[in-house]
Structures are given as structure tokens and as C-alpha cells.
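**Q** Starting off with a structure, shown below.
Number of protein chains: 2
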Amino acid sequence: MKDQYHFPLENFITKERFDRIKAFAKDKETPCLIIDLDIIRKNYEDLRKNLPFAKIFYAVKANPDDAVVSLLRDLGSNFDVATRYELDQLLRLGISPDRMSFGNTIKKEKDIAYFYEKGVRLYVTDSITDLDKLSRAAPGSKVFFRLLTEGLGADWPLSKKFGSHPDLARQLIKTAVRFGLEPYGISFHPGSQQRDVGQWSTALTTVSQLFTWARDDLKVNLKMINMGGGFPANYIEPTDSLAQYADDIKRFLDNGFKNDWPEEIIIEPGRSMAGDSGVIVSEIINIAKKSVHERYPWVFLDVGKFGGLIETLDEAIKYPIYFEGEGPAVDVILAGPTCDSMDILYEKTTYMMPESARIGDRVYILTTGAYTQSYSSIYFNGFPPLKSYILK
Amino acid sequence: MKDQYHFPLENFITKERFDRIKAFAKDKETPCLIIDLDIIRKNYEDLRKNLPFAKIFYAVKANPDDAVVSLLRDLGSNFDVATRYELDQLLRLGISPDRMSFGNTIKKEKDIAYFYEKGVRLYVTDSITDLDKLSRAAPGSKVFFRLLTEGLGADWPLSKKFGSHPDLARQLIKTAVRFGLEPYGISFHPGSQQRDVGQWSTALTTVSQLFTWARDDLKVNLKMINMGGGFPANYIEPTDSLAQYADDIKRFLDNGFKNDWPEEIIIEPGRSMAGDSGVIVSEIINIAKKSVHERYPWVFLDVGKFGGLIETLDEAIKYPIYFEGEGPAVDVILAGPTCDSMDILYEKTTYMMPESARIGDRVYILTTGAYTQSYSSIYFNGFPPLKSYILK
Chain V
137 MKDQYHFPLE NFITKERFDR IKAFAKDKET PCLIIDLDII RKNYEDLRKN LPFAKIFYAV
197 KANPDDAVVS LLRDLGSNFD VATRYELDQL LRLGISPDRM SFGNTIKKEK DIAYFYEKGV
257 RLYVTDSITD LDKLSRAAPG SKVFFRLLTE GLGADWPLSK KFGSHPDLAR QLIKTAVRFG
317 LEPYGISFHP GSQQRDVGQW STALTTVSQL FTWARDDLKV NLKMINMGGG FPANYIEPTD
377 SLAQYADDIK RFLDNGFKND WPEEIIIEPG RSMAGDSGVI VSEIINIAKK SVHERYPWVF
437 LDVGKFGGLI ETLDEAIKYP IYFEGEGPAV DVILAGPTCD SMDILYEKTT YMMPESARIG
497 DRVYILTTGA YTQSYSSIYF NGFPPLKSYI LK
Chain R
137 MKDQYHFPLE NFITKERFDR IKAFAKDKET PCLIIDLDII RKNYEDLRKN LPFAKIFYAV
197 KANPDDAVVS LLRDLGSNFD VATRYELDQL LRLGISPDRM SFGNTIKKEK DIAYFYEKGV
257 RLYVTDSITD LDKLSRAAPG SKVFFRLLTE GLGADWPLSK KFGSHPDLAR QLIKTAVRFG
317 LEPYGISFHP GSQQRDVGQW STALTTVSQL FTWARDDLKV NLKMINMGGG FPANYIEPTD
377 SLAQYADDIK RFLDNGFKND WPEEIIIEPG RSMAGDSGVI VSEIINIAKK SVHERYPWVF
437 LDVGKFGGLI ETLDEAIKYP IYFEGEGPAV DVILAGPTCD SMDILYEKTT YMMPESARIG
497 DRVYILTTGA YTQSYSSIYF NGFPPLKSYI LK
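Line by line, the protein sequences are chains V and R. For the first sequence, the working numbering gives the first residue as 137, with consecutive numbering after it. For the second sequence, the working numbering gives the first residue as 137, with consecutive numbering after it.
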């Protein structure tokens with residue numbers, strides 16, 4: 137007899153809070169996402185406490201719900217903005233443009249002009265062609281240069297899509313000066329859900345060398361480090377505590393900058409801010425076998441890859457999943473409700489379901505507050521996008 | 137010097153038609169999808185001509201645009217329906233329920249009841265638990281049994297998500313009788329964009345054996361074969377002609393059934409009906425290098441995996457892509473506009489871009505009429521879903 141859970145529920149959520157969510161969702165149609173704002177408040181405070189030297193720019197894309205953004209506005213957060221659509225949302229919510237950065241390296245010139253017109257003066261860049269647009273559309277603005285990091289050890293890995301190698305970063309700094317922009321800092325991203333804190337050590341070592349080069353060779357005083365996101369949420373794979381991450385990162389900064397840390401240190405949490413705040417409430421549609429004797433039954437849920445769980449691609453993100461009922465459990469394969477054969481959640485990762493579970497039972501997918509609802513397809517197979525509620 | 141294209145444009149679209157689409161899209165904001173209904177009409181007629189013995193059930197999920205569905209309604213098509221949301225759409229468009237099947241093996245009992253109440257009497261199944269629901273919610277209906285096929289050779293491969301092995305199919309047929317349902321036929325799906333026609337041979341061999349078993353051992357006369365979809369659209373990887381597929385499939389049917397073919401043969405084309413009808417019009421946002429000397433520049437388009445091109449996952453579907461301009465071309469990496477590092481279109485597959493291409497140029501992604509627009513995320517990174525237009 138195996139237990140259905142890899143870890144006790146308390147690793148992810150208190151029993152009291154879970155019971156409140158279940159009660160709140162009781163009369164709601166499934167699937168739906170329930171967001172608990174108290175958790176976001178707590179995560180914001182934990183980040184402030186553990187990294188008091190860092191300015192928080194919340195990565196809006198992680199969960200752009202108005203209620204989430206408004207709460208973080210009131211808590212004093214700044215915002216990492218990916219598109220003009222997000223900019224419009226933030227302005228509508230009364231957030232001042234000096235609390236924003238345009239954090240996407242891929243920008244149309246007309247979108248840069250739009251950000252500039254609205255008052256945003258802080259931009260990421262990673263290419264000469266992008267600097268060229270910035271020089272015309274956002275003259276005199278602060279720019280920071282994103283380094284290429286590959287994010288080994290991250291559950292949602294990076295690629296070579298963003299950033300430049302250090303040699304090109306030197307060129308970009310020189311070019312920014314020539315273009316009348318203000319070279320302001322260096323950014324990197326260690327990879328989302330990065331479980332190897334050593335990645336910050338490697339990146340910060342490169343950053344400190346770039347600060348030295350900029351000062352000594354280019355006569356440019358950089359003032360800022362943007363360490364990106366990457367701090368983990370609580371999925372099934374265990375991670376170190378935020379306090380441990382913070383301690384290590386402080387040491388890496390001391391290694392590189394001694395007592396002369398840069399004026400401004402920015403972090404861009406998304407997953408670590410919003411992930412733990414959400415629970416997707418789903419229902420078992422079917423429990424099926426492919427043969428008369430089948431070791432692993434297929435359990436079909438009413439939410440899948442196209443309804444908000446796209447990060448189960450390659451089983452990258454392993455959400456904690458709780459069924460109703462207790463007692464002896466069996467290994468299962470979990471899949472979504474669409475007619476697409478790739479809409480399978482977990483086939484290789486071991487998930488267990490109590491033998492007593494039945495069709496129609498509710499299923500709770502924890503730590504689904506980030507990178508879920510806004511990824512939903514608009515109507516693939518006719519399914520509407522995942523509905524979300526703020527827990528009251 | 138290499139040519140930018142793997143194949144001449146005429147493999148995918150006539151120059152005249154392409155020029156019309158470009159002219160129509162000229163004043164439209166990018167990205168957008170342009171659908172040419174004439175192509176869908178032609179594809180429908182080609183399928184009828186080449187497979188005159190087959191009843192067409194269009195797979196609505198491939199492209200659920202009202203204009204597409206209405207055209208196929210007028211041409212006399214039947215419809216493979218995945219969800220009650222699609223059912224509602226088809227009823228709204230005045231399509232009679234006797235022209236529909238509920239083609240998803242994963243169904244809630246209340247959804248079956250909804251289909252039954254609306255008059256649908258043809259249902260797929262692949263498990264005892266699903267039959268149990270059908271017996272209660274759709275009493276006396278025709279059911280067909282989906283076989284498990286794994287779809288080797290398909291560009292968008294199957295998995296073990298759908299269908300049952302033959303031994304279980306026998307049990308399902310017996311159970312259907314016991315439950316008062318009408319065992320009507322056998323279905324399989326060879327895998328989407330299936331380039332190996334031999335897959336139909338393997339599946340039809342199993343189907344013919346099941347017909348024999350049903351008749352001899354179970355005293356059940358099955359009447360229908362549903363051969364699913366799988367017929368290809370024109371992507372970069374070449375495929376046999378539809379005529380060749382049709383010839384081979386007729387021979388496979390003769391092998392299994394001699395002169396006594398089943399009464400009804402159904403196909404469920406989706407990709408082969410709608411794929412070639414669409415062109416996504418996009419724009420180059422940036423052309424960037426990661427190092428001072430970079431062999432393969434990164435070309436960022438304003439459409440990507442979350443804006444309708446999710447089937448570029450693992451570079452499975454290789455769309456023909458045409459740039460403005462001519463002349464010497466370079467190998468490029470193509471990526472989408474979001475802040476997600478996995479939003480890369482093609483990094484391993486060779487795509488070429490004329491050296492003369494510039495930021496702001498338009499880019500045309502052909503054969504994007506199926507499994508694109510309806511997959512778009514609702515607002516990931518704030519981007520709105522892909523807009524689509526019917527070519528006038």
C-alpha cells in the first residue's frame with residue numbers, strides 16, 4: 137500500500153486554508169482557479185524581509201489578474217511589463233510609470249514610443265538593432281543589458297532566446313552611450329523555478345566583471361543589477377528555502393562587489409510571488425483502462441494543457457495534486473479533456489490516486505497561481521478559458 | 137548562395153492567390169490570420185472525389201470559425217463534435233443533430249445528456265466507464281469503439297490517450313449490447329498529418345478482424361468504420377497526393393472486406409480540410425545576434441507559440457514561411473514575441489531569410505488554417521488572441 141502523496145499537504149498549504157478554498161469552490165462549476173490574495177501578500181513580505189536590499193519588480197505575466205496587480209500596487213511593488221497591453225492595464229489601475237520597466241527584449245519601435253509617451257524610462261535590451269529603436273523612440277532613457285544565461289537546473293528552462301554574450305554586452309554599452317541612452321545596469325535570468333542557487337553565482341560573477349570593464353575600459357559607471365526571477369514556488373520537487381537563497385545571493389554579491397554593492401538591485405519575481413496562491417479545482421471525467429488488465433489506469437480531468445496547464449509540457453512543472461478520499465492508492469496516468477493526443481499531464485512522473493476515487497470526484501491542483509490562467513487557449517475544442525476567482 | 141525556400145511557392149499556394157491575400161492584408165494590423173474559403177471548398181470537393189464512398193465528418197476543432205463551419209454545412213458535410221460548446225455553435229448555425237457525432241472519448245455524463253437531449257445519437261467510446269454513462273444518458277444510441285493506435289510516422293503524433301486494445305474492444309462491444317446500446321462500428325485515428333499511408337493498412341487489418349469476431353463470436357453486425365483524420369495538409373515535409381492515399385486505402389479495404397465493405401465509412405478530416413486555407417501575416421520585430429559574430433541571427437516575429445503556433449512544439453509542424461524580398465539568403469532561428477523562453481518556432485529546422493530582409497518587413501506563414509487561431513492563449517504576456525479574417 138502506498139500513500140497517494142509524495143509529501144504531506146502541509147508542505148504546500150495549511151489544512152485550514154485548503155478547507156476554506158474547498159468550501160469556497162463548493163458551488164462553483166469546474167474547472168476553475170481560486171486565488172488566495174493572503175498568500176501573495178505573505179510572499180511579497182517574505183521577499184522584502186529576506187532580500188531587503190532588492191527592489192521588487194513583479195513580473196505581471198505570471199498572473200495579470202487585476203486583483204493581484206492592485207494588491208501589489210498597494211504593497212509598494214514595482215512592475216516588470218512585457219507588452220503595451222500590460223502597460224495599459226497597469227495605467228488603468230493607477231500605477232505610476234516610474235514604477236515600471238519595459239522588460240521584454242523583443243519590442244516594436246511603435247511600442248517603445250508608446251511606453252515612452254506614457255512616461256516609462258527604464259528599458260531592457262540585448263541587441264544593437266533594439267538599441268537603435270530605443271535611441272529614436274525613447275531618447276535618453278535608462279537601459280540595462282540582458283546577459284545570455286542558459287538556466288541549467290531550472291524546471292522551466294531557458295534557451296538562447298534572450299540576452300547577449302559578455303563581449304557583445306560591452307559593445308552594447310558603448311553603443312548606448314553613442315546613441316545618447318544611459319547605460320544603467322546588467323540583467324540576467326537564472327531560469328524559472330531555478331532549483332540550483334549556484335546559477336546566481338555564475339551569473340553574478342560575469343556581472344561583476346562587466347561592471348569592472350564598463351568602469352575601467354569604457355568609463356561608464358553602471359548602477360544597477362537586475363537578477364530576474366527564478367525564485368521557486370512550491371511544486372513537488374523540493375527546493376531550498378527563500379532564506380537560503382537570500383543568504384547565498386548576498387555572499388555572491390559580496391564576492392563580486394565587496395562592500396561596494398551597486399546602488400540598485402532589482403528582482404523580478406513572478407512564479408515565487410503568485411504560484412503558491414492558486415488552486416485549480418477540477419473534476420474526474422473518466423477513469424479508463426486500455427486493456428482488460430491495465431496496471432496504470434488513465435484518469436481524465438476536466439482541465440488540461442490547453443486550459444491552463446501548459447507548463448506540464450515535458451512534465452516540466454510537477455504540481456501537487458490532491459484527490460478526495462484516503463486509503464490505499466494506485467499509480468495513475470493523468471490527462472486533460474481535449475481531443476488532442478498531447479494533452480496528457482503526467483505519464484512518466486508518478487502520481488497516485490486513492491483506490492476509492494470515483495468519476496465526478498473533485499481534484500485539487502495546488503501551486504497553480506502563476507503561468508496558468510492567462511495561458512489558457514481561447515476556445516480550443518470549444519472549451520472556454522479557465523475561469524478564476526479571488527477567494528473571499 | 138542558397139535559395140530562401142525549400143520548395144517553390146507553387147507547392148503551397150498559387151502566386152495569384154498569394155498576391156490576393158497579401159493585398160487583402162495590406163492595411164490589417166499584424167499578426168492576423170487570413171482564411172480563404174475557396175480552398176476549403178476545393179478540399180471538400182477533392183475529398184469527395186477521391187473518397188466517394190466516405191461520409192465526411194469535419195473535425196470542428198481544426199478551425200471552428202463560423203464561416204468555415206457554415207460553408208461546410210452548405211456543402212453537405214457532417215460534423216465531428218468535441219464538446220457541448222461546439223454543439224451549441226453548430227445548432228446556432230442551423231445544423232441538424234443527425235449530421236453530428238460526439239467524437240470525444242472523454243465526456244461528462246451531463247454533457248452526454250445534453251447531446252442526447254439535443255438529438256445526437258452517434259457516440260464514440262473506448263472504456264467500460266464511458267459506456268456506463270452512455271447507457272444512462274444516451275439510451276439506445278449508436279456507439280462506435282475507438283481502437284488504440286499509436287500513430288508512428290505522424291508529424292503530430294498520437295499517444296496512448298485514446299482508444300482501447302482489440303481484446304478490450306471485444307468486451308466493450310459485448311457490454312454495449314448488455315447496456316442496451318447499438319454497437320455500430322469501429323474507429324481509429326492514424327495520427328495527425330500522417331505521412332505513412334501504411335498506418336491505415338495496419339489499423340484496417342485489425343478492424344476487419346474485429347468485424348469478424350463481432351459477427352462470429354458475439355453475433356453482432358457492425359456496420360461502420362470511422363477512419364478518423366490524418367490526411368495531410370501541405371507543410372514543408374512532402375506527402376503523397378490525396379489520390380495516392382485514396383487508392384491505397386481502397387486496396388486496404390478490399391483486403392479486409394473483399395466485396396463486402398461495411399455499409400458506412402466515415403472520415404474526420406480537420407487539418408486536410410482547413411490547413412491550406414490559412415495564411416498568418418506577421419512582421420519582423422527584431423533581427424538580433426547573441427555574439428558580435430553570429431552565424432545564425434535570431435529573427436523575432438510578432439506571432440509565436442502562444443499566439444497560434446503551438447504546433448511548432450518540438451518543431452513538429454513545419455510551416456512554409458515566406459519573407460518579402462529575394463536574393464541571397466541566410467539561415468536563421470525563428471522565435472515568437474513573448475517573454476517565454478520556450479516561445480521559439482524553429483531552431484533546428486533550417487529556415488532561410490533573404491539577407492535583404494529588414495525589421496518591420498512582413499512575413500507570411502502558410503498552411504496555418506488548422507489548429508492555430510483557436511489554440512491562441514487568451515492574454516499571455518497581455519497579447520490578445522490571434523485575429524482572423526475571411527478573405528473577401
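Glycine included, each C-beta is placed from N, C-alpha and C at the ideal position.
Does the CB of residue 139 of chain V have a neighbour CB from chain R at under 8 angstroms?
**A** Taking the first sequence and counting its residues from 1, the one referred to as residue 139 of chain V is at position 3. Unreliable positioning characterises residue 139 of chain V in this predicted model, as indicated by a pLDDT of 44, which lies under 50. The coordinate reading is nonetheless provided below. Residue 139 of chain V does not count as touching chain R.
**Q** Between the C-alpha atoms of residue 295 of chain R and residue 237 of chain R, what's the straight-line distance to the nearest angstrom?
**A** Within the second sequence, the letter at position 159 stands for residue 295 of chain R. Within the second sequence, the letter at position 101 stands for residue 237 of chain R. Their Cα atoms are separated by approximately 22 angstroms.
**Q** According to DSSP, simplified to helix, strand and coil, what is residue 319 of chain R?
**A** For the purposes of this step, residue 319 of chain R is identified with residue 183 of the second sequence, where counting begins at 1. Strand, per DSSP.
**Q** Of all the options V/454, V/360, V/333 and V/155, which has the alpha carbon lying nearest to the alpha carbon of residue 280 of chain V?
**A** By one-based count along the first sequence, residue 280 of chain V stands at place 144. Residue V/360 is the option with its Cα nearest to residue 280 of chain V.
**Q** Work out the CA separation of residue 377 of chain V and residue 412 of chain V for me, nearest whole Å.
**A** Translated into the one-based positions of the first sequence, residue 412 of chain V becomes position 276. Translated into the one-based positions of the first sequence, residue 377 of chain V becomes position 241. Those two C-alpha atoms are separated by around 14 angstroms.
**Q** With a threshold of 16 other CB atoms inside 10 Å of the CB of residue 229 of chain V, please say whether the residue is buried or exposed.
**A** One-based indexing of the first sequence puts residue 229 of chain V at position 93. By the 10 Å Cβ count, residue 229 of chain V comes out exposed.
**Q** In terms of alpha-carbon separation, which member of R/457, R/370 and R/406 lies closest to residue 467 of chain R?
**A** Counting from one through the second sequence, the residue named residue 467 of chain R turns up at place 331. Looking at the Cα atoms, R/457 is the closest of the given residues.
**Q** For my contact list, residue 420 of chain R and residue 265 of chain V are in at a C-beta cut-off of 8 angstroms; report their separation, rounded to the angstrom.
**A** In the second sequence, the residue the question calls residue 420 of chain R occupies position 284. In the first sequence, the residue the question calls residue 265 of chain V occupies position 129. Going by Cβ atoms, the distance from residue 420 of chain R to residue 265 of chain V rounds to 10 angstroms, so no, they are not a contact pair.
**Q** Counting along the chain, where does the beta strand (DSSP E) carrying residue 204 of chain R start and finish?
**A** Walking along the second sequence from the start, residue 204 of chain R turns up at place 68. First-last for residue 204 of chain R: 202-211, but that is the alpha helix (DSSP H), not the beta strand (DSSP E).
**Q** Could you tell me the alpha carbon to alpha carbon distance between residue 147 of chain V and residue 183 of chain V, rounded to whole angstroms?
**A** As a working note, residue 147 of chain V is residue 11 in the first sequence. As a working note, residue 183 of chain V is residue 47 in the first sequence. Distance between the alpha carbons of residue 147 of chain V and residue 183 of chain V: 19 angstroms.
**Q** Determine, for residue 221 of chain R, whether the minimum Cβ-Cβ distance to residues of chain V falls below 8 angstroms.
**A** Here residue 221 of chain R corresponds to residue number 85 of the second sequence, with the count starting at 1. So, interface residue.
**Q** Once the 5 residues before and after residue 363 of chain R are set aside, which same chain residues still bring their CB inside 6 angstroms of it?
**A** Along the second sequence, one-based indexing puts residue 363 of chain R at 227. Correct list, in chain order: 403.
**Q** 8 angstroms is my cut-off, CB to CB: does residue 478 of chain R come that close to chain V?
**A** Here the question's residue 478 of chain R lines up with position 342 in the second sequence. Residue 478 of chain R counts as touching chain V.
**Q** In chain order, what residues of the region 510-523 of chain R put their CB closer than 8 angstroms to some CB of chain V?
**A** Answer set for the region 510-523 of chain R: 510, 511, 512, 513, 514, 515, 516, 517, 518, 519, 520 and 521.
**Q** Could you say which of R/423, R/165, R/447 and R/489 lies nearest to residue 300 of chain V if we only look at CA atoms?
**A** Numbered from its first residue, the first sequence carries residue 300 of chain V at position 164. Ranking the options by Cα distance to residue 300 of chain V, first place goes to R/423.
**Q** With contact counted as at least three CB pairs below 8 angstroms, one residue from each stretch, are the region 426-440 of chain R and the region 468-476 of chain R in contact?
**A** With the cut-off at 8 angstroms, the region 426-440 of chain R and the region 468-476 of chain R touch.
**Q** Does any C-beta atom of chain V lie closer than 8 angstroms to the C-beta of residue 240 of chain R?
**A** Numbered from its first residue, the second sequence carries residue 240 of chain R at position 104. Yes, contact with chain V.
**Q** Express the C-alpha separation of residue 195 of chain V and residue 170 of chain R in angstroms, rounding to a whole number.
**A** By one-based count along the second sequence, residue 170 of chain R stands at place 34. By one-based count along the first sequence, residue 195 of chain V stands at place 59. Cα-Cα distance, rounded: 33 angstroms.
**Q** Hey, quick one: how far does the alpha helix (DSSP H) through residue 494 of chain V stretch, first residue to last?
**A** By 1-based counting over the first sequence, the position of residue 494 of chain V is 358. Counting along the chain, residue 494 of chain V falls outside any alpha helix (DSSP H), and DSSP gives it neither H nor E.
**Q** Apart from the five residues just before and just after residue 375 of chain R, which ones in its own chain have a Cβ nearer than 6 angstroms to its Cβ?
**A** Residue 375 of chain R sits at position 239 when you count from the first residue of the second sequence. Taken in chain order, the residues that qualify are 331 and 368.
**Q** With a threshold of 8 angstroms on Cβ separation, who are the neighbours of residue 205 of chain V within its own chain once the five nearest residues in sequence on each side are excluded?
**A** Your numbering for residue 205 of chain V matches position 69 in the first sequence. Once the five neighbours on either side are set aside, the close Cβ partners of residue 205 of chain V are 194, 196, 215, 225, 226, 229 and 231.
**Q** Any idea what DSSP makes of residue 489 of chain R, helix, strand or coil?
**A** Taking the first residue of the second sequence as 1, we reach residue 489 of chain R at position 353. Of the three classes helix, strand and coil, the one that applies to residue 489 of chain R here is strand, per DSSP.
**Q** Express the C-alpha separation of residue 417 of chain V and residue 524 of chain R in angstroms, rounding to a whole number.
**A** Residue 524 of chain R sits at position 388 when you count from the first residue of the second sequence. Residue 417 of chain V sits at position 281 when you count from the first residue of the first sequence. Distance between the alpha carbons of residue 524 of chain R and residue 417 of chain V: 32 angstroms.
**Q** Does the region 476-494 of chain V come close enough to the region 487-506 of chain R to have 3 or more Cβ pairs within less than 8 angstroms?
**A** Judged by Cβ distances under 8 angstroms, the region 476-494 of chain V makes no contact with the region 487-506 of chain R, as fewer than three pairs qualify.
**Q** List the residues of chain V that residue 243 of chain R touches, going by C-beta distances under 8 angstroms, in chain order.
**A** The residue you call residue 243 of chain R lines up with position 107 of the second sequence. Within 8 angstroms Cβ-Cβ: 421 and 422.
**Q** Measuring alpha carbon to alpha carbon, tell me which residue in V/319, V/346 and V/172 is nearest residue 150 of chain V.
**A** Translated into the one-based positions of the first sequence, residue 150 of chain V becomes position 14. The residue with the shortest Cα to Cα distance from residue 150 of chain V is V/172.
**Q** Closer than 8 angstroms between beta carbons: that is the criterion. Which residues of the region 305-324 of chain V meet it against chain B?
**A** The question asks about chain B, but that chain is absent: this structure's protein chains are V and R.
**Q** Compare the C-beta of residue 294 of chain R against all C-beta atoms of chain V and say whether one is closer than 8 angstroms.
**A** Taking the second sequence and counting its residues from 1, the one referred to as residue 294 of chain R is at position 158. It does; some Cβ of chain V falls within 8 angstroms.
**Q** Report the partner residues of residue 229 of chain R according to the DSSP bridge assignment.
**A** Along the second sequence, one-based indexing puts residue 229 of chain R at 93. Answer is none; residue 229 of chain R lacks a bridge partner.
**Q** With DSSP run on the structure shown, which of helix, strand or coil describes residue 190 of chain V?
**A** In the first sequence, counting from the first residue as 1, residue 190 of chain V sits at position 54. Strand.
**Q** Rounded C-beta distance between residue 358 of chain R and residue 302 of chain R? I'm assuming under 8 angstroms.
**A** Start at 1 with the first residue of the second sequence, and residue 358 of chain R comes out as number 222. Start at 1 with the first residue of the second sequence, and residue 302 of chain R comes out as number 166. The Cβ separation is near 13 angstroms, so there is no contact.
**Q** Using alpha carbons as the reference points, say which of R/273, R/262 and R/381 lies closest to residue 324 of chain R.
**A** Translated into the one-based positions of the second sequence, residue 324 of chain R becomes position 188. Nearest C-alpha to residue 324 of chain R: R/262.
**Q** For residue 155 of chain V, decide whether its Cβ has a neighbour in chain R, counting only Cβ atoms nearer than 8 angstroms.
**A** The residue given as residue 155 of chain V occupies position 19 in the first sequence. No, its Cβ sits nowhere closer than 8 angstroms to a Cβ of chain R.
**Q** Quick check on residue 415 of chain V: buried or exposed, where buried means 16 or more other Cβ atoms within 10 Å of its Cβ?
**A** By 1-based counting over the first sequence, the position of residue 415 of chain V is 279. By the 10 Å Cβ count, residue 415 of chain V comes out buried.
**Q** Given residue 398 of chain V, which residues of its chain have a CB within under 8 angstroms of its CB, disregarding the five upstream and five downstream residues?
**A** In the first sequence, residue 398 of chain V corresponds to position 262, counting from 1. Here the set comprises 321, 347, 358, 359, 360 and 361.
**Q** Of all the CB atoms in chain V, is at least one closer than 8 angstroms to the CB of residue 168 of chain R?
**A** To locate residue 168 of chain R, count along the second sequence from 1; it is residue 32. Residue 168 of chain R does not count as touching chain V.
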